[in-house]
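One structure is given below, encoded as structure tokens.
Residue numbers (the numbering used here), protein chains in the order written: chain L, 1 to 280; chain H, 1 to 353.
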């Protein structure tokens, strides 16, 4: 390689690095701004100019969020509903995905198309139906009420179906010759061969559920039943909105997901790539 | 160990018939090979016995029990797959025990069978490994072990050697034959490799075009092929075919030579004469016919001589290992008339008496 061509490659690499850096800053800045603002006194936050570092550093908003609100209760609600939604979504989707992929029954294809089509429908358009339904079931202000509509997650079904489709037919036939029933084939052969997918899907489902706002916001009116994303809206009083306190609550809300992300970074990236292929 | 009887079984995929009224009896303890070109239906027939494909028509008896509607697990047969299909997340032991645990066999009995099979296949040391840590040949053994532990009425093999390299294939072939002798169990083996078929089987079932062309011992199908297809399919290099007409105990070939043929064909007509290369010898003086040498292949103990007759038809003859024949030579050929076959236009065969 000549010196000039090496320099050219370095130049291209440099430009790409610079671009990535700019985009990363654009993405990260709001998060930085939120954290910094949550560390400022309220009067500093509302100043009409940009201050990148607090003049007076304070943790009063965190103390406020942790002591004066029901944030502990909201955490429990969030954890319970997100874990519940994740477990139920994974277990039902895995069964549906397996049935669509491996079993032969009448109307299998139309059913698959229906599921495919259902994820073209934005959840928001169904939300009134969901509300009426859940209200009639008497499940408003309950964990079950928050969880149930979140279980409709065609992406997870489709990812499972695609992965089960890719398992060579020999494994199924060997298991059938080995006297295994459908449940044993699923749990002893297909699931263990696809653990990676299951962990990845569980992580994204958990994050989706943790971050969901619109439905929990509608399904819950009692403060003590709110999830943490909804709870943030409660950090205000009759005198108006307190930005710094709300941001402090938001940082606390995002913390567990951020930690989970740091722990399972590789899996999350994999999961996002998996569902991105379909979600587009 | 059990007898397997196929009684007029048929199978279609959509409107395409893939197995057409096949009847066949496999004796208890017999090693039978299904041999045929790809698309002949041999794998489908095996899978129908296994229960992996349904039987549209006809009956299947395994050990005297009507089995055509039983699910695969209840037919008491074990199958070894071409790609082994070992569960990658299980150890060798778990792979072998999986089928036994599925029928809730007691743990000590499972362990005993796994140990016995491992000892028989000399793979005791591999029991705690996973398939990814095994070589191709070892995986093959595990796949066979998984079949053995079930102590099935019959073993079904679906081209089990095709993923092994040539040397290992020869070794495993011998081991399989030994295993059969030791276990004395019914085995059905599908292959497109005639060497495997000839060396291992008690009987060969030759399939072509969704039906059975011939059933016979390896030597029967080699020396007395029932049809032109079998004659051409079995043997390497394959049989020579020469067009001609038969009249009064002799075939007149297209180049004008007359060959005495003691064959009981029903009428004088045009036939195809079939003769294996080892029955055509390069000779001194006047032979049955003559032609020009095109290619000479020295195989060590013998020499194959590719000759064009005067009418242009090609024939492969055999000469001794130290043959001096050169391409371009004119050579005389002598036919061993006791090894002649005649085939009529429908492919039916008559053999020299």
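Heads up, the beta-carbon is just placed ideally off N, CA and C, and yes, glycines get one too. Model, not experiment: these values are computed from the prediction.
- Around residue 192 of chain L, the beta-carbon contacts reaching into chain H at under 7 angstroms are 89.
- Within chain L, the residues placing a beta-carbon under 7 angstroms from that of residue 79 of chain H are 177, ordered along the chain.
- Counted as a single uninterrupted DSSP element, the stretch harbouring residue 17 of chain H is not any alpha helix (DSSP H) but the beta strand (DSSP E) occupying residues 16-26.
- Around the beta carbon of residue 321 of chain H, fewer than 16 other beta carbons sit within 10 angstroms, so the residue counts as exposed.
- Pairing residue 205 of chain L with residue 89 of chain L gives a Cβ-Cβ distance under 8 angstroms.
- Beta-bridge partners assigned by DSSP to residue 146 of chain H: none are found.
- Beyond the five residues adjoining it in sequence on each side, residue 217 of chain L comes within less than 7 angstroms, by CB distance, of 230 in the same chain, given in chain order.
- In this chain, the alpha helix (DSSP H) harbouring residue 222 of chain H covers 218-223.
- Using a Cβ-Cβ cut-off of 8 angstroms, residue 206 of chain H does not count as an interface residue toward chain L, since no Cβ of chain L sits closer than that to its own.
- The count of Cβ pairs closer than 8 angstroms, one atom from the region 118-136 of chain H and one from the region 78-97 of chain H, reaches three, so the stretches are in contact.
- Contact check for residue 332 of chain H and residue 287 of chain H: beta-carbon distance about 3 angstroms, within the 8 angstroms limit, so the pair qualifies.
- Annotated three-state conformation of residue 109 of chain L is helix, per DSSP.
- Between the alpha carbons of residue 164 of chain H and residue 197 of chain H lies a distance of about 16 angstroms.
- Excluding the 5 residues flanking it on each side, residue 256 of chain H has no same chain C-beta neighbour closer than 6 angstroms.
- Using beta-carbon distances, residue 200 of chain L does not count as an interface residue toward chain H, since no partner is under 8 angstroms.
- By the criterion of at least three beta-carbon pairs nearer than 8 angstroms, the region 40-49 of chain H is not in contact with the region 109-129 of chain H.
- For residue 171 of chain L, the closest of L:157, L:196, L:188 and L:160 by C-alpha to C-alpha distance is L:188.
- Within the region 32-93 of chain H, the runs of beta strand (DSSP E) that reach at least 3 residues and sit entirely inside it are, in chain order, 57-62 and 77-80.
- Taking 4 residues as the shortest admissible run, the region 185-215 of chain L contains the following complete alpha helix (DSSP H) segments, listed from N- to C-terminal end: 195-211.
- The region 145-165 of chain L and the region 95-107 of chain L touch, with no fewer than 3 CB-CB distances between them shorter than 8 angstroms.
- Here the alpha carbons of residue 30 of chain H and residue 241 of chain H stand approximately 33 angstroms from one another.
- Residues of chain L whose Cβ lies closer than 8 angstroms to the Cβ of residue 73 of chain H are, in chain order, 176, 177, 178, 179 and 180.
- Where residue 143 of chain L is concerned, the enclosing alpha helix (DSSP H) starts and stops at 143-147.
- Residue 189 of chain L has a beta carbon lying within less than 8 angstroms of a beta carbon in chain H.
- Between residue 263 of chain H and residue 338 of chain H, the alpha-carbon positions lie close to 9 angstroms from each other.
- Burial check for residue 248 of chain H: the Cβ neighbour count within 10 Å stays below 16, so the residue is exposed.
- For residue 107 of chain H, the enclosing alpha helix (DSSP H) stretches over residues 107-120.
- Cβ-Cβ separation between residue 39 of chain L and residue 57 of chain L: approximately 6 angstroms, consistent with a contact (criterion under 8 angstroms).
- Every beta strand (DSSP E) of 3 residues or more that sits fully in the region 197-246 of chain H is shown, in chain order, as 203-208 and 211-216.
- Taking 8 angstroms as the CB threshold, residue 168 of chain L lines the interface with chain H.
- In terms of Cβ geometry, residue 36 of chain H and residue 208 of chain H form a close pair [threshold 8 angstroms].
- Cβ-Cβ distances below 8 angstroms link residue 66 of chain H to 59 and 60 in the same chain, with the five nearest sequence neighbours on each side left out; the list follows chain order.
- Assignment of beta-bridge partners to residue 348 of chain H by DSSP yields H:227.
- With a contact defined as Cβ atoms closer than 8 angstroms, residue 349 of chain H and residue 225 of chain H qualify at about 6 angstroms.
- Neighbourhood of residue 102 of chain H in chain L, by CB distance below 7 angstroms: 178, 179, 180 and 184, in chain order.
- Boundaries of the beta strand (DSSP E) around residue 331 of chain H: 330-335.
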